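There are 2 protein chains.
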Amino acid sequence: MGAIQLRSFMKKSLGAKTLVFPTPVFVVGTYGKDGKPNVMTASWGGICCSQPPCVAVSLRKATYTHSNIVERRAFTISIPSEEHFKHADYFGLVSGRAEDKFATTGLTAARSELVDAPYVSEFGMVLECKLAHTFELGLHTQFVAYIMDVKVESGLLKADGNVDISQLKPVIFAPDSQAYHATGSFLGKAFSIGKM
Amino acid sequence: MGAIQLRSFMKKSLGAKTLVFPTPVFVVGTYGKDGKPNVMTASWGGICCSQPPCVAVSLRKATYTHSNIVERRAFTISIPSEEHFKHADYFGLVSGRAEDKFATTGLTAARSELVDAPYVSEFGMVLECKLAHTFELGLHTQFVAYIMDVKVESGLLKADGNVDISQLKPVIFAPDSQAYHATGSFLGKAFSIGKM
Chain P
24 MGAIQLRSFM KKSLGAKTLV FPTPVFVVGT YGKDGKPNVM TASWGGICCS QPPCVAVSLR
84 KATYTHSNIV ERRAFTISIP SEEHFKHADY FGLVSGRAED KFATTGLTAA RSELVDAPYV
144 SEFGMVLECK LAHTFELGLH TQFVAYIMDV KVESGLLKAD GNVDISQLKP VIFAPDSQAY
204 HATGSFLGKA FSIGKM
Chain F
24 MGAIQLRSFM KKSLGAKTLV FPTPVFVVGT YGKDGKPNVM TASWGGICCS QPPCVAVSLR
84 KATYTHSNIV ERRAFTISIP SEEHFKHADY FGLVSGRAED KFATTGLTAA RSELVDAPYV
144 SEFGMVLECK LAHTFELGLH TQFVAYIMDV KVESGLLKAD GNVDISQLKP VIFAPDSQAY
204 HATGSFLGKA FSIGKM
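Chains as they are written, first to last, in my numbering: chain P, 24 to 219; chain F, 24 to 219.
Spelled out as structure tokens, the structure:
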């Protein structure tokens with residue numbers, strides 16, 4: 024620390040664009056007007072408040088899911104594992120107006136008991152969310168929702184109650200190269216390793 | 024696809040909590056009232072609009088960075104590589120009111136030419152952001168900002184202009200176990216691999 028820097032830095036400007044690492048792969052579950060369960064994939068989002076626990080997800084107004092959330096004021100976020108990242112990609116490729124994505128994939132729509140929305144039974148982890156705020160930001164509407172519960176497959180939890188990431192294997196999205204990546208190895212404990 | 028599911032699913036309720044995977048490690052750079060550069064680490068945030076390109080970051084009102092953003096209406100987000108995750112952790116452990124975090128780490132505060140905020144010169148990637156909206160959500164204030172530019176070290180870009188993730192090595196935060204993880208291997212191309 025404090026040693027003389029021998030490297031020089033030369034940053035290239037990429038312009039005003041939506042690029043950070045990591046971005047998540049959120050599979051957003053909603054019911055349509057006809058009660059049909061639907062899922063779409065979104066990478067613009069993240070936790071946005073600790074108390075009350077809230078998560079944000081941004082969607083274009085043109086999407087089926089957008090109108091479903093406006094109507095039902097609820098959604099779920101299922102977290103896909105490596106095993107299911109191809110399904111998650113499919114969920115982002117086609118509209119629920121055109122296709123029954125659960126029927127096509129053979130995955131199961133489970134009805135949330137807490138919120139008026141379905142989730143993907145086969146995915147290891149789900150957040151059940153009630154709409155709190157709707158912010159119009161431009162092309163995207165940001166939906167901020169209360170996290171009513173987080174549910175995780177029992178087999179994916181460690182003895183200390185935390186999620187075993189090496190078992191859940193959540194996937195990551197890289198916006199510029201439009202690539203999915205795995206979650207990598209453990210590096211260190213937060214609020215600890217940086218003590219100086 | 025469509026095969027009979029032979030596994031059964033049993034999800035355990037973890038309660039209303041702030042838990043998704045992945046969450047980012049954003050190193051937020053601001054100037055204090057006295058012009059002193061400061062950085063803090065935040066994991067509540069993400070891209071929130073494509074047009075105009077916007078990013079959100081949520082901070083507690085008690086933080087030094089919160090008051091700096093309210094005052095200057097600008098911040099940067101530096102993305103730490105594996106090489107620097109211990110620095111990122113340190114930035115989240117102490118307040119800029121108490122310590123000069125650049126002096127302690129020996130890292131360099133570079134002045135953004137686009138926004139009134141500093142960034143960490145040694146980190147491979149930075150977003151320069153102008154405040155657009157301030158949303159009070161509870162314990163956290165969500166700052167939504169226009170991304171004015173994204174700058175990346177030339178050596179971290181591939182021939183196609185995209186970031187080489189295997190070189191940038193961005194880190195990920197797991198909220199429940201409070202652990203840092205590496206970005207893992209390439210799994211597949213989005214908007215492609217899921218075609219059915």
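No residue lacks a Cβ here, since even glycine has one placed at the ideal position from N, Cα and C. Note that the structure is a prediction, hence the values are computed from the model and not measured.
**OP:** Provide the residue span of the alpha helix (DSSP H) that contains ASN91/P, from first to last.
**Re:** Unbroken alpha helix (DSSP H) run through ASN91/P: 87 to 95.
Original post:
Does DSSP put ALA182/F in a helix, a strand or coil?
Top reply: ALA182/F falls in the coil class under three-state DSSP.
Subject >> Simplified DSSP assignment, three categories, for THR127/F >> reply: Three-state DSSP puts THR127/F in a helix.
Subject >> Opposing strand residues paired with HIS156/F [DSSP bridges] >> reply: Looking at the DSSP assignment, HIS156/F forms a beta bridge with VAL167/F.
Original post:
Ordered along the chain, which non-local residues of its own chain (more than five positions away) have a Cβ less than 7 Å from that of LEU220/P?
Top reply: Given a span of 24 to 219 for chain P in the structure shown, any question on residue 220/P remains unanswerable.
**OP:** Give me the Cα-Cα distance between SER101/F and PHE214/F, rounded to the nearest whole angstrom.
**Re:** Taking the straight line joining both Cα atoms gives about 28 Å.
Original post:
Which one of LYS218/F, PHE98/F, ALA65/F, PHE114/F has the shortest CA to CA distance from ASP172/F?
Top reply: Selected option, being the one with the closest Cα: PHE98/F.
Original post:
When the Cα of VAL149/F is compared with those of LYS174/F, PRO141/F, PHE125/F, VAL138/F, which residue comes out closest?
Top reply: Proximity to VAL149/F across LYS174/F, PRO141/F, PHE125/F, VAL138/F peaks at LYS174/F, based on C-alpha coordinates.
**OP:** To the nearest angstrom, report how far apart VAL111/F and LYS34/F are at their CA atoms.
**Re:** Checking the displayed sequence, the identity of residue 111/F turns out to be Ala instead of Val. Just so you know, the alpha carbons of ALA111/F and LYS34/F end up roughly 34 Å apart.
**OP:** Determine, using beta carbons only, whether GLU106/P comes closer than 8 Å to chain F.
**Re:** Chain F contact via Cβ: absent.
**OP:** Starting from VAL62/F, find everything on chain C with Cβ-Cβ shorter than 9 Å and list it in chain order.
**Re:** The displayed structure is made up of protein chains P and F, and chain C is not among them.
Subject >> Which of helix, strand or coil DSSP assigns to LYS109/F >> reply: In this structure, LYS109/F counts as helix in the three-state DSSP scheme.
Original post:
Whose Cβ in chain P lies nearer than 7 Å to the Cβ of TYR54/F?
Top reply: Against TYR54/F, chain P offers no close residue; the least beta-carbon distance is about 19 Å (beta-carbon pairs closer than 7 Å).
Subject >> Spatial distance of ARG95/F from ARG134/F (CA atoms) >> reply: Note on geometry: alpha-carbon atoms of ARG95/F and ARG134/F lie some 14 Å from one another.
Subject >> Beta-ladder partner(s) of LEU82/F, from DSSP >> reply: In the DSSP output, where bridge partners are listed per residue, LEU82/F has THR164/F.
**OP:** Could you tell me if GLY58/P is buried or exposed, where buried requires 16 or more neighbouring beta carbons within 10 angstroms of its beta carbon?
**Re:** Flag for GLY58/P reads exposed.
**OP:** Go ahead and label THR41/F buried or exposed: buried means 16 or more other beta carbons lie within 10 angstroms of its beta carbon, across all protein chains shown.
**Re:** Buried, because 16 or more other Cβ atoms sit within 10 Å of the Cβ of THR41/F.
Original post:
Three or more beta-carbon pairs under 8 Å between the stretch 203 to 217 of chain P and the stretch 193 to 207 of chain F, yes or no?
Top reply: Proximity of the stretch 203 to 217 of chain P to the stretch 193 to 207 of chain F meets the contact definition, three or more beta-carbon pairs being nearer than 8 Å.
Original post:
Is LEU191/F helix, strand or coil by DSSP?
Top reply: Secondary structure at LEU191/F: helix, using DSSP grouped into helix, strand and coil.
Original post:
Along the chain, where does the beta strand (DSSP E) that runs through ILE216/F open and close?
Top reply: Taken as a continuous stretch (DSSP letters only), ILE216/F belongs to no beta strand (DSSP E), as it is neither H nor E.
Original post:
Per DSSP, SER101/F forms a beta bridge with which residues?
Top reply: Answer is VAL50/F, VAL149/F, bridged to SER101/F.
Original post:
Which residues, in chain order, does the stretch 160 to 172 of chain P contribute to contact with chain F at a C-beta distance below 8 Å?
Top reply: Taking a C-beta cut-off of 8 Å against chain F, the contacting residues of the stretch 160 to 172 of chain P are LEU160, GLY161, LEU162, HIS163, GLN165, VAL167, TYR169, ILE170, MET171, ASP172, listed in chain order.
**OP:** Could you round the C-beta distance between GLY52/P and PRO45/P to whole angstroms and report it? I think they count as a contact, below 8 Å.
**Re:** Contact between GLY52/P and PRO45/P does not hold, since the beta-carbon distance rounds to 22 Å and is not under 8 Å.
**OP:** Tell me whether GLU176/P is buried or exposed, calling it buried when 16 or more other Cβ atoms sit within 10 Å of its Cβ.
**Re:** Buried: at least 16 other Cβ atoms inside 10 Å.
Original post:
Starting from VAL62/P and walking both ways along the beta strand (DSSP E), at which residues does that stretch end?
Top reply: Per DSSP, VAL62/P belongs to the beta strand (DSSP E) from 60 to 65.
Original post:
Which residues, taken in chain order from the stretch 31 to 46 of chain F, show a beta carbon closer than 8 Å to some beta carbon of chain P?
Top reply: If the cut-off is 8 Å between Cβ atoms, the stretch 31 to 46 of chain F has PHE32, MET33, LYS34, LYS35, SER36, LEU37, GLY38, ALA39, LYS40, THR41, LEU42, VAL43, PHE44, PRO45, THR46 near chain P.
Original post:
So is ILE92/P in contact with chain F if we call contact Cβ pairs under 8 Å?
Top reply: No, no contact with chain F.
**OP:** Select from GLY178/F, VAL186/F, GLY38/F, HIS107/F the residue whose C-alpha is nearest the C-alpha of THR64/F.
**Re:** It is HIS107/F.
**OP:** Kindly indicate the opening and closing residues of the beta strand (DSSP E) around ARG134/F.
**Re:** Its beta strand (DSSP E) spans residues 132 to 134.
**OP:** Rank VAL194/F, CYS77/F, ILE216/F, VAL117/F by C-alpha distance to the C-alpha of ALA85/F and give the top, closest one.
**Re:** For ALA85/F, the closest C-alpha among the options VAL194/F, CYS77/F, ILE216/F, VAL117/F is that of VAL117/F.
Original post:
Per DSSP, what kind of secondary structure is GLY38/P in: helix, strand or coil?
Top reply: DSSP places GLY38/P in coil when its eight states are reduced to three.
Subject >> Exposure label - ASP199/F; buried when at least 16 CB within 10 Å >> reply: So ASP199/F counts as buried.
**OP:** Assuming VAL167/F contacts CYS71/F (C-beta within less than 8 Å), just tell me the rounded distance between them.
**Re:** Going by Cβ atoms, the distance from VAL167/F to CYS71/F rounds to 6 Å, so yes, they are a contact pair.
Original post:
Does the beta carbon of MET148/F fall short of 7 Å from some heavy atom of the ligand COA?
Top reply: With respect to the ligand COA, the structure shown offers nothing to examine, as it has no ligands at all.
**OP:** Please name the residues in the stretch 72 to 92 of chain F whose beta-carbon is closer than 7 Å to at least one beta-carbon of chain P, in chain order.
**Re:** Listed in sequence order: CYS72, SER73, GLN74, PRO75, PRO76, CYS77, VAL78, ALA79, SER81.
Original post:
Name the chain P residues whose beta carbon is nearer than 7 Å to that of SER144/F?
Top reply: Result: PHE32.
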